[in-house]
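Structure first, commentary second.
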Amino acid sequence: MGRASTWLHQNVPESGGLPDRGRSPGCGSPLDTALAVPEQRLPGGRDPLAEARDRFLAAEPVDRSVVREPILASWWRSKEWNVAADRLDLSYRGDPNLDSTLARSAEPVLRHLFEQLDGQPISIVLTDASGLVLRRFTGDDKLERQLDRIMLIPGFSYAEDIVGTNGIGTALESGGPTHVFGHEHYAERLEGMACAGVPVRDPLSGKTLGVIDLTCWRRDADPLMLSLVRSTADQLNQALTETSNSRDLRLLQEYTRACRHSGGIVLGLGNDIVMLNDHARKALAPADQAALICRATETMASAAGPRGRWRPPGAVTVDLPSGAVAKMFCRPVGELGAITTAVDSAPLTDGVVHVKLVTPATVPLPEAAVSRATMSLPGLVGGGAAWRRASRLTEASYERGEWLVLEGEPGVGKLALVRAVHQRRNPAAPCHVLDAAEAAHDRDWLAQVRAELSGGTGLLVLRHVHALNARQARTLAGALEEVKAAGRDADLLVAVTLDGSAARADLNGLLRLFPGSVAVPPLRHHSEDLRDLVPFFLGKLSQQGRVRCSSAAMQLLLRHTWPGNTAQLWQVLKQVVQRRRAGQIQPEDLPPECWTVSRRVLSPLESIERDAIVQSLLDHGGNKIRAAAALGMSRATIYRRIHEYGIITTPAG
Ligand SMILES: Nc1ncnc2c1ncn2[C@@H]1O[C@H](COP(=O)(O)OP(=O)(O)OP(=O)(O)O)[C@@H](O)[C@H]1O
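Per UniProt numbering, residue 1 is the first one in the sequence shown, and the count goes up by one each step.
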């Protein structure tokens, strides 16, 4: 690589645009165009970008031809996270962990670049996946002092939710190469700076490990900055590939050997890699798999003692969410404790885990039902694993002619699901729906149910049965028992829906008449289905699909936690389409409720784990130590997860 002096420019006014070749969009190379910042000035001599930033902060409309789309999206996020624009609110987070695979692999690569830069006023920064600065190399004293002033220092975090739009945090949020020049920064104190960051990923799992960033004065910024940081990131990726290959290969060998010899459930756990054999996938429900992975990781971390000593944990008994009980045997692979995670200093040990099911699940999965592929249901979309599973179980129950309980949070699609199954399996038969919420003010509600039960055929859905009081629930149970006693339950299928969190003991008498129960997952547990649901709903709401969703808006929708589930998504899109009747939905078209987002898009497993942590914190008044103990999690892990998942905790913790 040549000396970097080629890309450092002189005499560019700090508040002005880029040097000539990067100026106006539409001319110059594609790279220049992508990096160009308009340089026109307003009559008063103000930079239009600075003006746009001020207008944005004052909640006034912004000229979108002046602000690049990723920057505007980042400003919105910064605003949502209540980042202060007039000051930097950073605090020291503790000594960074320089013993991680990332930090160790990056050291020679960054040093090499530093030597090539040879005292130029540019700084090379390495952060971990949370934006915490791990290393900084600067050859110029003046720039070094400035970086100290803006706290771009090891041990401080430049995450977007702390500092606002910047080359590090915004690269992490957007997941790709990002440059932020001058007034594009959200925080005023960064307006004199320019930075370009590229996320670094684990070569096998693809998980983001951190960011490499170049920072310099705004007046020295140049389009080639992004090329330079990209090529440095490529070199680091190469170094990481070499490191991870040998380690992951060893794990893979041990895992396949264990699978060949065991004939039972085997898991292989590595740094960002989880392997499950066929036995595990068939015998364990997804929630059980998640619980086992979590417990095995914890067990191996606590068994790996200091100086590479292994304290065998013996057989560990695990109670699984399905009611099954498993015994787990963990064996380490490779160097013990030699590898530490990027986010804390707990040793992370690769290992192979053998699992024996001691007691089966209390609600066994109907094998045929789970393994048979489901055709898509009429009027519904969604192919996420959690949704598919609920669909299959509902279909299987319907096929067996069993009365069914559909349980789940409000708006998850319980009624829609059972209706669609009925429509597919028995389209000619009637489907009647009665809402138990009406029983509170409609004294005839139970009489209507009786009428349906006496001569009805097809499907009868009783919604919201948690709304019945104890007496009404008893009366309803009595009426249903009569149908069963008369053997008429073969002609009429009955399904009830309820919100599990509102279920009470006095409903047990009613619910025991239903042999099957399906948990319909909340939308955040199959958020991948948003990619199908959004266009599906927009197609219904707009004429001939005239409204589409931009990728920036989709990113926000994917990261929202959707407390009101699919019903809330429908309402949100309905609201949006009333204002935007054609074209692409942009982030700013979404109502404020959609700006409450998690730090990144969570996988279904992560989302389940986040919910379990939130619930445990609620159960223990926000006390993190007790919440961690109840989940069988270490203190360090719960703190890490709280940070990773952006969980807001109460002061009691
Ligand atoms: N997979 C899906 N595909 C398309 N639309 C869906 C899907 N899931 C739910 N919906 C739609 O979402 C809305 C809410 O669904 P539904 O009324 O069935 O939820 P619910 O769980 O029964 O709600 P509640 O118990 O709060 O009444 C409906 O408009 C439904 O058509």
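Glycine included, every Cβ here is placed at the ideal spot set by N, Cα and C.
Taken in chain order, the whole beta strand (DSSP E) runs of length 3 or more contained in the stretch 183-271 are 193-201, 208-217 and 265-270.
Bounds of any beta strand (DSSP E) do not take in Pro-321, whose DSSP letter is neither H nor E.
Secondary structure at Ile-122: strand, using DSSP grouped into helix, strand and coil.
Burial check for Ala-440: the Cβ neighbour count within 10 Å stays below 16, so the residue is exposed. For ligand 1, no non-hydrogen atom lies closer than 7 angstroms to the CB of Leu-57. Secondary structure note for Glu-115: its alpha helix (DSSP H) is the uninterrupted segment 101-117.
Going by beta carbons, Pro-154 and Pro-199 fall outside the 8 angstroms limit.
Apart from the 5 residues on each side of it in sequence, Ala-386 sits with its Cβ closer than 8 angstroms to the Cβ of Pro-286, Pro-521, His-525, His-526 and Pro-604 in its chain, given in chain order. Judged by DSSP in its simplified three-state form, Arg-145 adopts helix.
Listed as beta-bridge partners of Arg-463 by DSSP are Asp-435.
Around the beta-carbon of Tyr-158, 16 or more other beta-carbon atoms lie within 10 Å, marking it buried. Going by DSSP, Gly-632 is part of no alpha helix (DSSP H) at all; its letter is neither H nor E.
The three-state reading of DSSP puts Arg-419 in helix, counting H, G and I together. Note that the C-beta distance between Val-355 and Ile-265 is below 8 angstroms. Under the three-state reduction of DSSP, Leu-134 is assigned to strand. With a cut-off of 7 angstroms, the C-beta of Val-405 is classified as distant from ligand 1, since no heavy atom of the ligand falls inside that distance. Secondary-structure assignment with DSSP links Ile-273 through a beta bridge to Gly-270.
Within 7 angstroms of the C-beta of Gly-413 there is at least one heavy atom belonging to ligand 1. Looking at the DSSP output, Thr-127 sits in a beta bridge with Val-133 and Val-211.
Gly-411 is a Cβ neighbour of Thr-566, given a cutoff of 8 angstroms. In terms of Cα proximity to Thr-394, the closest of Val-381, Leu-417, Ala-490 and Gly-379 is Leu-417. In this structure Pro-177 is not in contact with Leu-113, their Cβ atoms being roughly 16 angstroms apart against a cut-off of 8 angstroms. Judged by their CB atoms, Pro-591 and Val-577 are not nearer to each other than the 8 angstroms cut-off.
Here Trp-310 carries a strand assignment [DSSP, helix/strand/coil]. DSSP places Gln-571 within a helical segment (H, G or I) once states are collapsed to three. DSSP places Pro-286 in no beta strand (DSSP E) but in the uninterrupted alpha helix (DSSP H) bounded by 286-303. For ligand 1, no non-hydrogen atom lies closer than 7 angstroms to the CB of Arg-389. Inter-residue distance for Leu-617 and Arg-635 is about 13 angstroms (C-alpha atoms, whole angstroms). Along the length of the stretch 490-553, whole alpha helix (DSSP H) runs at least 4 residues long occupy 508-511 and 530-541, reported in chain order.
Along the length of the stretch 369-412, whole alpha helix (DSSP H) runs at least 4 residues long occupy 385-400, reported in chain order. When Cβ pairs closer than 8 angstroms are counted between the two stretches, the stretch 163-171 is seen not to touch the stretch 102-117, the count staying below three.
When secondary structure is reduced to three states using DSSP, Pro-563 falls in the coil class, being assigned neither helix nor strand. Here the alpha carbons of Arg-218 and Leu-190 stand approximately 9 angstroms from one another. For Trp-562, the Cβ stays outside the 7 angstroms cut-off from all heavy atoms of ligand 1. For Pro-332, the uninterrupted beta strand (DSSP E) run begins and ends at 325-333, by DSSP. Short of 8 angstroms from the beta carbon of Asp-532, and not among the five residues preceding or following it, lie these beta carbons of its own chain, in chain order: Val-381, Gly-382 and Gly-383.
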